[in-house]
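Participant: Just so we're aligned, residue 1391 is where the sequence shown starts under our numbering, counting upward by one. Beta carbons: idealized from backbone N, C-alpha and C, even for Gly. Remember, predicted model here, so these are calculated numbers, not experimental data.
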Amino acid sequence: MEQVSSTGRPVQITVTEGYDLKGFKGDTSVTFIRAEFNQVVLGDSAKITVSPEGTAKYNFTCSFEFNPEGGGIALDDLAHKPVFLTVTEVLPKEKKQKEEKTMVLGQAAVDLLPLLEGESSFETMVPLHPVPGSPIEPFRSGVKQCSLEVKVFVAEPLLTPAQISGGNLLKVTLEAAYSVPESFLPIGPLQNYMVGMQVPSAGEKDYPIFFKNGTLNGNHVEAKACYERTISFVVDASEMHFIFLRLGQIYLEEKEYEKAKKTYLQACKRSPSCLTWLGLGIACYRLEELTEAEDALSEANALNNYNAEVWAYLALVCLKAGRQLEAEQAYKYTMKLKLKDENLLAELHMVQETVGFGNPSF
């Protein structure tokens, strides 16, 4: 990807607030945030007291300089290196204690990839992952996950529209890991897991990229037939999670909602996740089964309340059910988490206009 020719540009990261925090020494603990990027400490925030409700107003800003001409942080660094935010508690001093003691509560990661997609600023809510032994509640159904509200800003886009459209940015997302070896312990040595694949060198011809349980070259007809045969013949469900997810998604895209519902129901019974419940909720909503849709979407939201698509469909269900307050609340989170599906957002706005509520700006 061609880089912009200019001098270094500051990339500014601001942590505004922390939510649902909990310390070792009770609810009103004192904490600070350390920001790191590319193995360099960007700075520490002031020490902030967490409120009894678990909120901390950090308003902490730090920055690093991006150098498109090389010799420092480059586009590759922004593409695959996140900003790490470590939340640490400052423990109360005991008698005769000279030095201040601290304990790490958890760590969050901020993905900077939107800066390579044309954004000059964006806001995000990032989950705070507890370290072993931390008083922060590990994520589980029905418990709010600790999070940080973060803003990222650059004075102007790092890439021009022509560079973005002419670039080759390959994104690979690891959604989950199953049957992780016992040697992969969080307190042990770091582990690397590598997957090799061929990448097309020219755009003249589609080049198939195969992952185990992956999508076959974007060909829905061929992929759907493969997935359906796999589900028919494979009895062991230990590695079927993504088969159900991909097949269900194809059914949704082809508007085969009954088949999608059946597929996602199987996935929810065998290996439930936010995405399986979301798929089931979408299928039920399209079938106008609003009660079943809301039940499934609520399960998805309990497993991951940072999924904007889940909030969008909850807003649609509440709009159809005539529940104005809940519809507006779900819509607020949809926008806060920056829903990327433009068609779904347009549908949401259309339903809001039809019923006459659901958007606080009305």
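1) Among Ala1698, Gln1719, Pro1750, Lys1710, whose alpha-carbon lies nearest the alpha-carbon of leucine 1735?
2) Mapping DSSP to helix, strand and coil, what is valine 1521?
3) Please determine, among Gly1669, Val1516, Gly1462, the residue with the shortest C-alpha to C-alpha distance to cysteine 1658.
4) Could you tell me which residues DSSP puts in a beta bridge with lysine 1447?
5) Starting from proline 1425, trace the beta strand (DSSP E) in both directions and tell me its first and last residue.
6) Rounding to the nearest angstrom, what Cα-Cα distance links histidine 1631 and glutamate 1646 in this structure?
7) Would you mind working out which of Ala1702, Val1431, Gly1444, Gly1748 sits nearest lysine 1732, comparing C-alpha positions?
8) Give the single residue among Lys1730, Asn1694, Glu1743 whose Cα lies nearest to the Cα of glutamate 1718.
9) Short of 7 Å in beta carbon distance, which residues of its chain neighbour tyrosine 1409, apart from the five on each side in sequence? Order them along the chain.
10) Decide if the region 1653-1667 is in contact with the region 1675-1689; the criterion is three or more beta carbon pairs, one per stretch, under 8 Å apart.
11) Just tell me which of Arg1399, Val1494, Tyr1675 has its CA closest to the CA of lysine 1710.
12) Could you check whether proline 1400 and glutamate 1455 sit closer than 9 Å to each other, using their CB atoms as the reference points?
13) Identify the residues that DSSP records as bridge partners of alanine 1498: which are they?
14) Tell me whether threonine 1724 sits in a helix, a strand or coil according to DSSP, three-state version.
15) Using a Cβ-Cβ cutoff of less than 6 Å, which residues in the same chain neighbour glutamate 1513 once the five nearest sequence positions on both sides are dropped?
Facilitator: So, from the data block:
1) For this step, residue 1735 is matched to residue 345 along the sequence shown. The candidate whose alpha carbon is nearest that of leucine 1735 is Ala1698.
2) Locating residue 1521 in the sequence shown gives position 131, where the first residue counts as 1. Coil at valine 1521, not helix or strand.
3) For this step, residue 1658 is matched to residue 268 along the sequence shown. Nearest C-alpha to cysteine 1658: Gly1669.
4) Taking the first residue of the sequence shown as position 1, residue 1447 is located at position 57. According to DSSP, lysine 1447 bridges with Glu1407.
5) Here residue 1425 is taken as the residue at index 35 of the sequence shown, counted from 1. Proline is not the amino acid found at residue 1425; the sequence shown has alanine there. Element bounds for alanine 1425: 1420-1427.
6) Working through the sequence shown from its first residue, we reach residue 1631 at position 241. Working through the sequence shown from its first residue, we reach residue 1646 at position 256. The alpha-carbon atoms of histidine 1631 and glutamate 1646 are separated by roughly 20 Å.
7) For this step, residue 1732 is matched to residue 342 along the sequence shown. Residue identity check: residue 1732 is glutamate in the sequence provided, not lysine. For glutamate 1732, the nearest C-alpha among the options comes from Ala1702.
8) In the sequence shown, residue 1718 corresponds to position 328, counting from 1. The candidate whose alpha carbon is nearest that of glutamate 1718 is Glu1743.
9) For the purposes of this step, residue 1409 is identified with residue 19 of the sequence shown, where counting begins at 1. So the list reads Gly1444, Thr1445, Cys1536, Ser1537, once near-sequence residues are dropped.
10) yes
11) Indexing the sequence shown from 1 puts residue 1710 at position 320. For lysine 1710, the nearest C-alpha among the options comes from Tyr1675.
12) Mapped onto the sequence shown, residue 1455 falls at position 65. Mapped onto the sequence shown, residue 1400 falls at position 10. Cβ distance < 9 Å, so glutamate 1455 and proline 1400 count as in contact.
13) As a first step, residue 1498 must be located in the sequence shown, where it is residue number 108. Paired residues: Leu1475.
14) Reading the sequence shown from its first residue, position 334 is the one you call residue 1724. Three-state result, threonine 1724: helix.
15) On the sequence shown, position 123 is the one that residue 1513 refers to. Hits under 6 Å: Lys1541.
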